[in-house]
Structure formats: structure tokens, C-alpha cells
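Colleague:
Residue numbers (my numbering): 2 to 298.
(1) Report yes or no: do three or more beta-carbon pairs, one from the segment 94-109 and one from the segment 194-208, lie closer than 8 Å?
(2) May I ask you to report which of helix, strand or coil DSSP gives residue 129?
(3) Between residue 64 and the rest of its own chain, which residues show a CB-CB distance below 8 Å, the 5 nearest in sequence each way excluded?
(4) Could you give the distance in angstroms between the alpha-carbon of residue 199 and the alpha-carbon of residue 159?
(5) Residue 265 to residue 47, Cα distance in whole Å?
(6) At the 8 Å Cβ level, is residue 90 part of the contact set with chain D, yes or no?
(7) Within 10 angstroms of its Cβ, does residue 29 collect 16 or more other Cβ (buried), or is it exposed?
(8) Please state whether DSSP places residue 147 in a helix, a strand or coil.
(9) I need the boundaries of the alpha helix (DSSP H) containing residue 213, first residue and last residue.
(10) Would you call residue 168 buried or exposed, if buried means 16 or more other Cβ atoms sit within 10 Å of its Cβ?
(11) Exposed or buried, what is residue 225 when buried is set at 16 or more other beta-carbons lying within 10 Å of its beta-carbon?
(12) Which residues bound the alpha helix (DSSP H) around residue 174?
(13) Would you say residue 162 and residue 127 are within 8 Å of each other, going by their C-beta atoms?
(14) Nearest by alpha-carbon distance to residue 40: which of 56, 25, 26 is it?
(15) In angstroms with no decimal places, state the Cα-to-Cα distance between residue 291 and residue 236.
(16) Near residue 196, which residues of its chain fall below 7 Å by C-beta distance, leaving aside the five closest residues on each side in sequence?
(17) Suppose you measure from the CA of residue 262 to the CA of residue 171; what does that come to, to the nearest Å?
(18) If we ignore side chains and look at the alpha-carbon of each, how far apart do residue 34 and residue 26 end up?
(19) Just how far apart, CA to CA, sit residue 276 and residue 123?
(20) Let's see if you can read the secondary structure: which residues bound the alpha helix (DSSP H) around residue 159?
(21) Can you check which of these residues, 222, 51, 151, is closest to residue 88 by C-alpha distance?
(22) Which full runs of the alpha helix (DSSP H) of 4+ residues lie inside the segment 25-102, going along the chain?
(23) Give the secondary structure of residue 187 by DSSP, where H, G and I count as helix, E and B as strand, and everything else as coil.
(24) When DSSP labels each residue in this structure, what does residue 222 get in the three-state scheme?
(25) Taking the alpha-carbon positions, what's the residue 155 to residue 85 distance?
(26) For residue 143, count the other beta carbons within 10 Å of its own beta carbon; 16 or more makes it buried, fewer makes it exposed. Which is it?
(27) How big is the Cα-Cα spacing for residue 60 and residue 90?
(28) Could you check whether residue 202 and residue 228 sit closer than 8 Å to each other, using their CB atoms as the reference points?
(29) Quick check on residue 69: buried or exposed, where buried means 16 or more other Cβ atoms within 10 Å of its Cβ?
(30) For residue 105, which three-state DSSP category applies?
(31) Do residue 165 and residue 95 have their beta-carbon atoms positioned less than 8 Å apart in this structure?
(32) Can you give me the Cβ contacts of residue 50 inside the same chain, cut-off strictly under 8 Å, excluding the 5 residues immediately before and after it?
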């Protein structure tokens, strides 16, 4: 005996599917339009930026000239900002991922007094915005004498409450308790067990936290703006905003802005390339990290 689907039901499902497809298409367009504008604007000179249509090429192709100007302007300060950002992102994101992995693993697999309270504190810390901690962080670092040094940016980057929470949830299902007991019976110490067994099982989650921390550190703006005053230690976010302020100020005063707006636009394009490469390279680990533990056997 066969059951037939009502014709009206098929029609409603088709209309619903079409509506969802259109909605997803609009969301994709909304996400891609700024990137398309940025890529096309990087091929224009100053005159074309203000006179041509934003979503199409201007008069001539000036991408390579713009890139050269970005890399050589003010003695190559952009390369210094790029190196600073790479330092903050690699050390900060890598350290945050490792600390989050170790902390989440400890909260998930060890029983000790105050564990639930500590887990609640970590969960509550997620709700505190970073901007609310910027001024207290500045005052604390001022007392320590590390203002206007890389440590003022690196130390806060190592703290990731969301990463600890994520790794705690992931470690509960990714690391079997029976495997840990077997390692202890064989005489393996806790540190050795963590590095030789647990860390390998936690690798997908580690990469997931690494990507989240990498993006957050690479795009960090407010904290470096507060704790840094020497342009030699600026990250790309603060440096590009400084260029943009110069261009805007020059435009407001009636002075020439030749070279500034192409610097900002082309510098922004170069700044997103490392993030795109990181996501493409680590995408498979990130996807497996998000999906792991979602199905129980």
C-alpha cells in the first residue's frame, strides 16, 4: 500500500525551498558585495575611486602600482605593521588555543574542589565584552610598565574564555575515560598522557579554537589603540585606520588626498589574504572539529 503526498503539500514545500534559496542568495550577496568592492577598488587610482562606479573597474589597472606604494610608503611602515600583526596573531592565537585546550581538558577530565565554580566563572566571562575590560587592562599594564610594548597586546590575547568552554565540551566526548585509565595503569603520567594521547584526540577542537582566536587577534583594534602609541608597534588595524584618518582629514581640510585612499584600500586587501589562506588550509580540521561529538554511536 503506497502513501501519496498531497499535491498541495508538494507545492508548499517547493515554495518554501525557493524562499529559503532566495534568502540565502541575498545573504551571500550581502556578504560578498563589500569584498567585491574592496577588490575592485584596489585596482583604481585616487581619481577613479571617486569618479567611477564602485562595483566595476576604473580608468586603467593600478593594482600593482598601489601594492608597491603600500609596501614602500613611509619607509615600508606597512611591512612593520604586517609583521607586528603576524606576531600578535601567531603567538596570541597559538598560546590561546593551547591554554584553552589544556584548561578545557582539565575541567572535563579531572575532578577537583571548585571545578563547577571555575567552569561557571569561565562561562560568565564569555558574556563580558572585551571593550569593558580595555580600560582596566590599560591601568593594570600601566602599573606593570608594559604599556607601548608587544606584551600589552600579547598577554590579553592568550586569554580565551570561549575557547576554554568549547574545549571542555569537546573533550568530554573526544577523550574516553577508559583510555585515560588504561594509560594510568600502564604507568603513564598525566602530563605525558595529555601530550601523547589526549592532545592528538583534541586536535580538531584545537584547530577550531586556533581559527577563532586567529581571526579575533588579527582583527583586534580597540585594545591596541589604547595600549600602543608608537607606530612601530601598531598592528594593521590601527595602522590602516591612521592612514584613513589622514585621508579623511586631508579631504576635510581641502588638501590633496592623492595616494591615501588607494593606500587604505589596497592595504586592506593585503591584510585579509593571510586569513583567507589560514581558513583554506585549516578548513577540514575546523569542519571536523565542529561536527565531532554531534552523533553518538
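We put the beta carbon where it would ideally sit given N, CA and C, even for glycine. Since the structure is predicted, the reported quantities are computational estimates derived from the model, not experimental observations.
Modeller: So, from the listed chains and residues:
(1) The segment 94-109 is in contact with the segment 194-208.
(2) Indexing the chain shown from 1 puts residue 129 at position 128. Reduced to three states, the DSSP call for residue 129 is coil.
(3) Here residue 64 refers to the residue found at position 63 of the chain shown. Contacts found: 43, 44, 267.
(4) On the chain shown, position 198 is the one that residue 199 refers to. On the chain shown, position 158 is the one that residue 159 refers to. One C-alpha to the other measures close to 21 Å.
(5) Position 264 of the chain shown, counted from the start, is the residue given in the question as residue 265. Position 46 of the chain shown, counted from the start, is the residue given in the question as residue 47. One C-alpha to the other measures close to 11 Å.
(6) The chain inventory of the structure shown lacks chain D, comprising one protein chain alone.
(7) Indexing the chain shown from 1 puts residue 29 at position 28. Residue 29 comes out exposed.
(8) Taking the first residue of the chain shown as 1, we reach residue 147 at position 146. Reduced to three states, the DSSP call for residue 147 is coil.
(9) Along the chain shown, one-based indexing puts residue 213 at 212. Here the alpha helix (DSSP H) through residue 213 covers 204-219.
(10) For the purposes of this step, residue 168 is identified with residue 167 of the chain shown, where counting begins at 1. By the neighbour-count criterion, in which a residue is buried when 16 or more other Cβ atoms sit within 10 angstroms of its Cβ, residue 168 is buried.
(11) Counting from one through the chain shown, the residue named residue 225 turns up at place 224. Around the C-beta of residue 225, 16 or more other C-beta atoms lie within 10 Å, and the residue is accordingly described as buried.
(12) Walking along the chain shown from the start, residue 174 turns up at place 173. Run containing residue 174: 162-175, per the alpha helix (DSSP H) assignment.
(13) Sequence index remark: in the chain shown, residue 162 carries index 161 (1-based). Sequence index remark: in the chain shown, residue 127 carries index 126 (1-based). A contact, by the Cβ cut-off of 8 Å.
(14) As a working note, residue 40 is residue 39 in the chain shown. The candidate whose alpha carbon is nearest that of residue 40 is 56.
(15) By one-based count along the chain shown, residue 291 stands at place 290. By one-based count along the chain shown, residue 236 stands at place 235. The pLDDT assigned to residue 291 is 49, lower than 50, so where the model puts this residue is not dependable; a value taken from the coordinates is nonetheless given after this. One Cα belongs to residue 291, the other to residue 236, and the distance between them is close to 30 Å.
(16) As a first step, residue 196 is located in the chain shown; it is residue number 195 there, counting from the start. Excluding sequence neighbours, residue 196 sits near nothing in its chain.
(17) Here residue 262 is taken as the residue at index 261 of the chain shown, counted from 1. Here residue 171 is taken as the residue at index 170 of the chain shown, counted from 1. The alpha-carbon separation between residue 262 and residue 171 amounts to approximately 45 Å.
(18) Here residue 34 corresponds to residue number 33 of the chain shown, with the count starting at 1. Here residue 26 corresponds to residue number 25 of the chain shown, with the count starting at 1. Answer to the nearest angstrom: the Cα atoms are 12 Å apart.
(19) Numbered from its first residue, the chain shown carries residue 276 at position 275. Numbered from its first residue, the chain shown carries residue 123 at position 122. It is roughly 27 Å from the alpha-carbon of residue 276 to the alpha-carbon of residue 123.
(20) Taking the chain shown and counting its residues from 1, one reaches residue 159 at position 158. Run containing residue 159: none; DSSP gives neither H nor E here.
(21) In the chain shown, the residue the question calls residue 88 occupies position 87. With distances taken between CA atoms, residue 88 lies nearest to 151 out of 222, 51, 151.
(22) Counting only runs of 4 or more, we get 47-52, 64-73.
(23) One-based indexing of the chain shown puts residue 187 at position 186. Residue 187: coil per DSSP, three-state reduction.
(24) Here residue 222 corresponds to residue number 221 of the chain shown, with the count starting at 1. Of the three classes helix, strand and coil, the one that applies to residue 222 here is coil, per DSSP.
(25) As a first step, residue 155 is located in the chain shown; it is residue number 154 there, counting from the start. As a first step, residue 85 is located in the chain shown; it is residue number 84 there, counting from the start. Approximately 11 Å between the Cα atoms of the pair.
(26) Start at 1 with the first residue of the chain shown, and residue 143 comes out as number 142. So residue 143 counts as exposed.
(27) Along the chain shown, one-based indexing puts residue 60 at 59. Along the chain shown, one-based indexing puts residue 90 at 89. Rounded to whole angstroms, residue 60 to residue 90 spans 37 Å at the Cα level.
(28) Position 227 of the chain shown, counted from the first residue, corresponds to residue 228. Position 201 of the chain shown, counted from the first residue, corresponds to residue 202. Taking a C-beta distance under 8 Å as the contact criterion, residue 228 and residue 202 do not qualify as a contact pair.
(29) Residue 69 sits at position 68 when you count from the first residue of the chain shown. Exposed.
(30) Numbered from its first residue, the chain shown carries residue 105 at position 104. The answer is helix: DSSP assigns residue 105 an H, G or I state.
(31) What you label residue 95 is simply residue 94 of the chain shown in a count that begins at 1. What you label residue 165 is simply residue 164 of the chain shown in a count that begins at 1. Between residue 95 and residue 165, the gap from beta carbon to beta carbon reaches 8 Å or more.
(32) Here residue 50 corresponds to residue number 49 of the chain shown, with the count starting at 1. Closer than 8 Å at Cβ, skipping near neighbours: 42, 59, 262, 263, 266.
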